[in-house]
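As numbered in the numbering used here, residues 343 to 545 make up the sequence shown, in order.
Working notes, beginning with the structure itself.
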Amino acid sequence: MKIFEAHPVVPVVVLDDESRAADLGRALVGGGLPIAEVTLRTPGALAAIATMARNRDLLVGAGTVLTPEQATAAAEAGARFAVCPGLSRAVVERCGMLGLPVLPGVATATEVLAAREIGLKAVKFFPAETSGGAPAVAALAAVFGDMRFVPTGGITAANAGDYLALPSVLAVGGSWMVPRSADLDRIQELIGGVRAVIAAAGR
Ligand code: 3PG
């Protein structure tokens, strides 16, 4: 909860190899967005996490953590939090053993209930836009007043404010400011746009 309270927009990074990791980490820190969720979807992801973790000003986590083994590998690489697209008790338990904060994904009331039952107080809402967007988060929050949400999936500079306006939303995640093919100048420009979104939301 503290991680996402402190970082209302979390860049979701897909890196094909580690070569861009250090520069991208520096760009995020320099742009005032010192956090990255590096998705475990590419062969170079763990090496990229290890590279980024050497930047002490950057809080690096692992995304797309699907198995307990991946949670362990991510922690060993230096990840300081883990994000999963769905709710896996096995992954949550492993993260608990590792002392690794974990944010599992939910998209329905039944899944929020299951997350509460295993003691979670914050969940990712995924895939946010196709699961009903900000109105769906508001509807879930009306029922689960004690649960906080980190919507991710389809979020952009244009709609992030709709989510950040909700008190139940801790933060939003997204890849819109770190497109896979963009150069660093473009990424810096997009990060500037994120700062404007955060300021407009009063976060
Ligand atoms: C994730 O891993 O959370 C999503 O792939 C990020 O979604 P986006 O690319 O639509 O922002």
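For every residue, glycine included, the Cβ atom is placed at its ideal position computed from N, Cα and C.
(request) Just mark proline 509 as buried or exposed, buried being the case when its beta carbon has 16 or more other beta carbons within 10 Å. (result) As a position in the sequence shown, residue 509 is number 167, starting the count at 1. Result: exposed.
(request) For glutamine 530, I'd like the list of residues in its chain whose CB is within less than 7 Å of its CB, leaving aside the five on either flank, ordered along the chain. (result) Along the sequence shown, one-based indexing puts residue 530 at 188. Closer than 7 Å at Cβ, skipping near neighbours: Ala369 and Gly373.
(message) Am I right that alanine 413 and arginine 383 are in contact with their C-beta atoms under 8 Å? What's the rounded C-beta distance?
(response) As a first step, residue 413 is located in the sequence shown; it is residue number 71 there, counting from the start. As a first step, residue 383 is located in the sequence shown; it is residue number 41 there, counting from the start. At roughly 15 Å, the Cβ-Cβ gap does not stay under 8 Å, so alanine 413 and arginine 383 are not in contact.
(request) Following the continuous beta strand (DSSP E) through threonine 384, name the residue where it begins and the one where it ends. (result) As a position in the sequence shown, residue 384 is number 42, starting the count at 1. No beta strand (DSSP E) contains threonine 384, which DSSP labels as neither H nor E.
(request) Please confirm if the stretch 386-406 is in contact with the stretch 517-535, defined as three or more CB-CB distances below 8 Å between the two stretches. (result) no
(request) Taking proline 477 as part of the alpha helix (DSSP H), name the residues at either end of that continuous run. (result) Locating residue 477 in the sequence shown gives position 135, counting from the first residue. Per DSSP, proline 477 belongs to the alpha helix (DSSP H) from 475-485.
(message) Please determine whether the Cβ atom of threonine 409 lies at a distance below 7 Å from any heavy atom of the ligand 3PG.
(response) Numbered from 1 along the sequence shown, position 67 holds the residue referred to as residue 409. Not so, every heavy atom of the ligand 3PG lies at least 7 Å from the Cβ.
(message) Excluding the 5 residues flanking alanine 464 on each side, which residues of the same chain have their C-beta closer than 8 Å to its C-beta?
(response) Position 122 of the sequence shown, counted from the first residue, corresponds to residue 464. So the list reads Met343, Phe346, Leu445, Met489, Arg490, Phe491, Val492 and Leu512, once near-sequence residues are dropped.
(request) Could you check what DSSP says for alanine 464 in three-state terms: helix, strand or coil? (result) Here residue 464 refers to the residue found at position 122 when the sequence shown is read from its first residue. Strand at alanine 464.
(request) Locate the alpha helix (DSSP H) running through glycine 535, then write down its first and last residues. (result) Position 193 of the sequence shown, counting from 1, holds the residue named residue 535. Counting along the chain, the alpha helix (DSSP H) containing glycine 535 begins and ends at 526-542.
(request) Count the C-beta pairs between the stretch 399-411 and the stretch 419-428 that are closer than 8 Å, then say yes if the count reaches three, no if not. (result) Enough Cβ pairs lie closer than 8 Å, so yes.
(request) Provide the residue span of the alpha helix (DSSP H) that contains proline 493, from first to last. (result) One-based indexing of the sequence shown puts residue 493 at position 151. Segment 490-493 is the beta strand (DSSP E) holding proline 493; no alpha helix (DSSP H) there.
(message) In whole angstroms, give me the CA-to-CA distance for arginine 398 and alanine 363.
(response) The residue labelled residue 398 in the question sits at position 56 within the sequence shown. The residue labelled residue 363 in the question sits at position 21 within the sequence shown. C-alpha separation (whole angstroms): 14 Å.
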